[in-house]
Amino acid sequence: DAGVTQSPTHLIKTRGQQVTLRCSPKSGHDTVSWYQQALGQGPQFIFQYYEEEERQRGNFPDRFSGHQFPNYSSELNVNALLLGDSALYLCASIASTLYNEQFFGPGTRLTVL
Amino acid sequence: QKEVEQNSGPLSVPEGAIASLNCTYSDRGSQSFFWYRQYSGKSPELIMFIYSNGDKEDGRFTAQLNKASQYVSLLIRDSQPSDSATYLCAVTTLNDYKLSFGAGTTVTVRA
């Protein structure tokens, strides 16, 4: 049973560029949340996708957008990158019947220069 | 006031001792409470969750919840060097899908 996977592991971009991060949830999980974790801070909720729709959104600008595919995998897109977007981006995999248990993938470390 | 606050670290304990971690939350509607462990450079790993007032034990870990005081704690008994990590407290409220995290407390277990 594969766990939560994310790609890529690391990414370096320059200001103004766009980036796409990918996540595949655990088998049997149908919901994906995305979090941003800056150095020394707890993860901050970006948004959650369920049934291919954005179900809830945190306090992030519209530059952050996402998508969920029929196989429950998800993408996070960030446009017009800023230096402050440098962080660890985490995907959480959730079974909607047990939504309290959120399992994190290994994360993507994004560095914006 | 932050939604979730954790006692500032770092916390250093000798091997075999009890490590005590504290967390307070501001929203009285909070329903579920989680403790995650995060090793340096890794992603958070769910240790345990608690919904009801009182204690919940899982191996060497005990979570304690007091909703009247808006307080949740984690005790690590017989601390091992492998317990050295940052511990994150997270809460959710009814009909809210997000986890709200504290900033974490870093624990170092001295051999």
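Going line by line, the protein sequences match chains A and B. Under this note's numbering, think of the first position of the first sequence as 10, with each following residue one higher. Under this note's numbering, think of the first position of the second sequence as 3, with each following residue one higher. We put the CB at the ideal spot given by N, CA and C, even for glycine.
Please tell me whether residue i and residue j are closer than 8 Å, where the distance is taken between their beta carbons.
i: residue 98 of chain A; j: residue 43 of chain A; result: yes
i: residue 110 of chain A; j: residue 48 of chain B; result: yes
i: residue 18 of chain B; j: residue 81 of chain B; result: yes
i: residue 88 of chain B; j: residue 61 of chain B; result: no
i: residue 140 of chain A; j: residue 30 of chain A; result: In the structure as shown, chain A begins at 10 and stops at 122. Residue 140 of chain A is therefore absent and cannot be evaluated.
i: residue 114 of chain B; j: residue 111 of chain B; result: Any property of residue 114 of chain B remains undetermined from this structure, which presents chain B solely from 3 to 113.
i: residue 104 of chain B; j: residue 33 of chain B; result: no
i: residue 37 of chain A; j: residue 55 of chain A; result: no
i: residue 27 of chain B; j: residue 93 of chain B; result: yes
i: residue 13 of chain B; j: residue 76 of chain B; result: no
i: residue 36 of chain B; j: residue 101 of chain B; result: yes
i: residue 74 of chain A; j: residue 100 of chain A; result: no
i: residue 78 of chain B; j: residue 21 of chain B; result: yes
Distance cutoff 8 Å, beta carbons only. Does residue i sit that close to anything in chain A?
i: residue 89 of chain B; result: no
i: residue 73 of chain B; result: no
i: residue 76 of chain B; result: no
i: residue 12 of chain B; result: no
i: residue 28 of chain B; result: no
i: residue 48 of chain B; result: yes
So, for residue i: in the same chain, excluding its five sequence neighbours on each side, which residues have a beta-carbon less than 6 Å away from its beta-carbon?
i: residue 16 of chain A; result: 31
i: residue 22 of chain A; result: 28, 90 and 121
i: residue 33 of chain A; result: 14 and 82
At a Cβ threshold of 8 Å, is residue i touching chain B?
i: residue 42 of chain A; result: yes
i: residue 45 of chain A; result: no
i: residue 67 of chain A; result: yes
i: residue 50 of chain A; result: yes
i: residue 114 of chain A; result: yes
With burial defined as no fewer than 16 other Cβ atoms inside 10 Å of the residue's Cβ, what is the status of residue i: buried or exposed?
i: residue 57 of chain A; result: buried
i: residue 45 of chain A; result: buried
i: residue 65 of chain B; result: buried
i: residue 49 of chain A; result: exposed
i: residue 47 of chain A; result: exposed
Skipping 5 residues on each side, what residues in its chain have a beta carbon closer than 8 Å to that of residue i?
i: residue 42 of chain B; result: 87 and 88
- Task: Please name the residues in the segment 84 to 110 of chain A whose beta-carbon is closer than 7 Å to at least one beta-carbon of chain B, in chain order.
- Result: 99, 108, 109 and 110
- Item | Cβ-based contacts, 9 Å cut-off: residues of the segment 12 to 41 of chain A near chain B | 13, 15 and 40
- Using Cβ-Cβ distances below 8 Å, what residues of the segment 95 to 111 of chain B are close to chain A? 98, 99, 100, 101, 102, 103, 104, 105 and 106
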